[in-house]
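Down below is the structure, laid out as structure tokens.
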Ligand code: GRG
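In this note's numbering, the protein residues as written are 17 to 310.
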């Protein structure tokens, strides 16, 4: 029977949220940092990245349990990036997902260290997972370093900071979002495929697929930011940095950004046609990313 992507997301989010604290609760570490790590891990979120790992295992008809630790590792890295992104030295945000940010509750020093703890711990989830073969662990770690490190998310964050308040070209904006957003999202897809031992040709197609999905996710994020900051008549409300920051709509116009989003979704779906397995669930993920409202 075909599974609906919304049902899939709800049930897998629950699984991930049950598993995540178990990887932290028993750590032998001061209570302050443990609480801080758990605070941000338990603060909600869509859990899209871990769900994508499990979606790939589902797609290749492999037991999803072999992906739980890797899925949680990715969510830990995503969480660390949000904790650090909210710090006074970066975006200086007071709220994240409607709750006080980590540094507002635990102080800056503990928030920095909680992020460091989450990042480092994530690698142990992968390498200590008895359900995964050694050669697959090595491949996962190697891909994860490229996706999350200086050649990936960290590099994208730096370029984003350095590009703030400047008018960026489309190429510069692409660099930022390919690295800051698309690579970790893409790693979730690749990780699921590696764990599922998908054919190599499929893995290369999925690498391209994940690029299109990642950029589409970011374009939708930019569109939502603008639509969320307009009243019912389309007039801006409470706008601050939104007007200054370069976004896909600011370069391409809202219509152009929506067309670019659809183009990436179309290319992503075309790539799915070349995989060796049925891909209904991944097609539904494409539509969900294109239409998401939060
Ligand atoms: C500090 C190294 C470092 C990196 C920070 C992820 C990030 C890089 C910054 C967050 C700011 C931001 C709005 C990024 C663009 C899109 C994005 C990654 C949004 C957040 O991801 P969601 O929508 O969040 O999956 P939830 O809350 O659902 O987990």
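Glycine residues also receive a C-beta, built at the ideal position from the N, C-alpha and C atoms. Small disclaimer: the values here were computed from a predicted structure and weren't measured.
- Residues 52, 99, 103, 118, 119 of the same chain have their beta carbon placed closer than 7 Å to that of residue 127, with the five preceding and five following residues left out of the count.
- Only residues of its own chain outside the window of five on either side were considered, and among them 232, 236, 277, 278, 281 have a CB closer than 8 Å to the CB of residue 306, listed in chain order.
- Taking 8 Å as the upper bound for CB-CB distance, residue 50 and residue 40 are in contact here, some 6 Å apart.
- Judged by beta-carbon spacing, residue 134 lies beyond the 8 Å limit of residue 163, meaning their Cβ atoms are not closer than that value.
- Collapsing the DSSP output to three states places residue 265 in a helix.
- Between residue 125 and residue 177, the alpha-carbon positions lie close to 21 Å from each other.
- Taking the Cβ of residue 190 as the reference point, every heavy atom of the ligand GRG lies at 7 Å or farther away.
- In the structure shown, the three-state DSSP call for residue 111 is strand.
- In this structure, residue 64 has its beta carbon less than 7 Å from a heavy atom of the ligand GRG.
- Distances from the CA of residue 292 to each of 283, 44, 219, 309 were compared; the closest alpha carbon is that of 219.
- In the same chain as residue 287, and ignoring 5 residues on each side of it, the C-beta atoms closer than 7 Å to its own belong to 221, 224, 225, in chain order.
- Within the DSSP secondary-structure output, residue 116 pairs in a beta bridge with 111.
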